[in-house]
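Note that the sequence shown covers residues 4 to 412 in our numbering.
Ideal placement from N, C-alpha and C gives every residue a C-beta, glycine not left out.
Here the structure is a predicted model, which means the values were calculated and not measured.
I have placed the structure first, in the form of structure tokens, so that the comments after it can refer back to it.
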Amino acid sequence: MDDLKRILMFTNSDLGQANVVLATAHELGLACQDVEIHIASFQDLRSGVDNASRFMQLTATQQEKKAPRPFVFHEIEGTSWGPATKRPETAIFETLELTPGLVNSAKGVAILPAVMIPWSPREFLDIYKETERVFDEVKPDLTIVEPLFTQGLTFCHHRGVKWMVLSPNTIKEFAVPVQPNLAALDVDANLGEWLSHGPTMYVNLGTHHKSNPTEAHEMSKALRKVLEYADTLHSAGRPVQILWKLGRVPDEKGNAPKRDSYTGEWALVTDELQAYIKQDRVRITDWLVAEPKSALESQNIICSVSHGGANSFYEALCSGIPQALLPAWTDCYDFANRVELLGIGRWANKEAKPRWKEDELVDALLEILFGSESAGMRERAEEVAGRHPEWKGRQMAAQEILSYLERLE
């Protein structure tokens, strides 16, 4: 391509959806310097786009490539998909978290329109007009839309523009993604150093999953038992430690808990693990500065405990780490089946779904870490990761986009 081409990418600001856009934009910028990449989203993604742009340019320097053009961010006024789904009048996640079964599956199907369009008619129209405004300003040669940015899908259909859907999964799953790797040591040196102290279990139930104090306490009891058992086996080696990103429900007034403060009804969670917290073998936090993928790639994670979302599943899979999945809704159950079919982990809440119970979770974790099949799980996880390097998906997506752009000339 001789002339400068413009690609406009529409996405929600929720990282679950936006990551695949940022990852592909990263690869596009590295692959072709004759492309100007515009990313349109809500305000919350502005810093993410800026960081991704800087990381792309740093990567180009490290690879001794010509400096790519920085991403151009366009702010869209309105509410992103994630916050819109969590409003009381929408109640999507309350339905999705129902125990699987014929009746509850029917309820899940009934809310699919709300999943795709969780906005009021006025909100939808306002965001549609914002989408139209950005498109007319950029005048792109090709438009890319992530599938939950429904206003973008509608606009592209209506205007008949040249466009593609960038879905992070197969059409069967239609879930969410992988993003450029931001090294843990660069972003959070303290965390990188701490991870090097010993084999670490990484617990992260995703952005949308929020636990109440009772659920978090049930988890902490299970984790304590795992550490106690590990100590009986590793008295002479490096002790097992736990990094737990704990998403918490708001209080009765709708306020988020004070960051990394575990008082009142949350005190039971830290009390259960207090002995290990004092030894700095357990870290519980509301938020990690470093990207989850960075922690997983530190070579110190021995098990990933997640809700079975696509992002969490694929990040652990591509890092070669055995997984314990606690599926909470829809496609998460599919991924829980996959870890067992692939022999790389366990579905850890078959009885307690969509949450978890202490004894069932303990049994699954001990089986993954110390059971008769644990060595085989690690070997298979590493073998699968070797066949599916994490960069391959974004590279192929970028190649498809550039090939299509060339055919438009």
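Quick check on residue i: buried or exposed, where buried means 16 or more other Cβ atoms within 10 Å of its Cβ?
i      : result
Thr416 : The structure shown does not extend to residue 416, since the chain is modelled only from 4 through 412, so no value can be given for it.
Tyr205 : buried
His160 : exposed
His391 : exposed
Gly240 : exposed
Thr217 : exposed
Thr102 : exposed
His200 : exposed
Met222 : buried
Glu318 : buried
Arg284 : buried
Gly104 : exposed
Lys110 : exposed
Gln244 : buried
Gly389 : exposed
Leu230 : buried
Ala384 : buried
Leu411 : exposed
Gln139 : Reading the sequence as shown, one finds Asp at residue 139 and not Gln. Asp139 should be labelled exposed.
Ser375 : exposed
From the DSSP output, in three-state form, read off residue i for me.
i      : result
Gln20  : helix
Leu11  : strand
Gln244 : strand
Arg415 : The displayed coordinates of the chain run from 4 to 412. Any statement about residue 415 would go beyond what the structure contains.
His29  : helix
Arg349 : strand
Arg136 : helix
Arg262 : coil
Ala34  : helix
Trp269 : helix
Val168 : strand
Leu151 : coil
Arg397 : helix
Gln326 : strand
Glu361 : helix
Asn314 : helix
Arg90  : coil
Arg381 : helix
Ala194 : Here the sequence assigns Leu to residue 194, which means Ala is not the residue at that position. Three-state result, Leu194: helix.
Glu403 : helix
Asn303 : coil
Asn207 : strand
Val229 : helix
If I'm right that residue i touches residue j with Cβ under 8 angstroms, what's the distance once you round it to whole angstroms?
i      : j      : result
Gly19  : Asn314 : 6 angstroms
Asn303 : Leu198 : 4 angstroms
Leu11  : Thr146 : 5 angstroms
Val23  : Glu149 : 7 angstroms
Ile130 : Ile95  : So it is not a contact: roughly 18 angstroms between Cβ atoms.
Met119 : Tyr407 : Between Tyr407 and Met119 the Cβ distance is about 25 angstroms, and since that is not below 8 angstroms, they are no contact.
Using beta-carbon positions only, say whether residue i and residue j come within less than 9 angstroms of one another.
i      : j      : result
His29  : Thr62  : yes
Ser307 : Ala327 : yes
Ser377 : Glu386 : no
Gly311 : Ala339 : yes
Lys248 : Leu291 : yes
Arg9   : Val141 : yes
Gly163 : Leu208 : no
Asn15  : Phe58  : no
Asp6   : Ser83  : no
Ile305 : Thr203 : yes
Thr153 : Ala43  : no
Phe414 : Ser309 : What is shown of the chain runs 4 to 412, which leaves residue 414 out entirely.
Leu329 : Arg286 : no
Glu196 : Lys296 : no
His212 : Pro143 : no
Ala70  : Trp122 : no
Gly155 : Phe13  : yes
Leu194 : Ala298 : yes
Beta-carbon of residue i versus every beta-carbon of chain C: anything under 9 angstroms?
i     : result
Thr88 : Protein chains in the displayed structure number just one, and chain C is not present.
Check: Does the count of Cβ pairs from the region 241-256 and the region 350-362 closer than 8 angstroms reach three?
Finding: no
Next item on the list: Take every Cβ of the region 226-235, pair it with every Cβ of the region 264-274, and state whether three or more of those distances are shorter than 8 angstroms.
Entry: no
Check: Can you find at least 3 beta carbon pairs, one from the region 40-54 and one from the region 109-122, that sit closer than 8 angstroms?
Finding: no
Item checked: the region 29-38 / the region 401-412 touching (three or more Cβ pairs under 8 angstroms) -> yes
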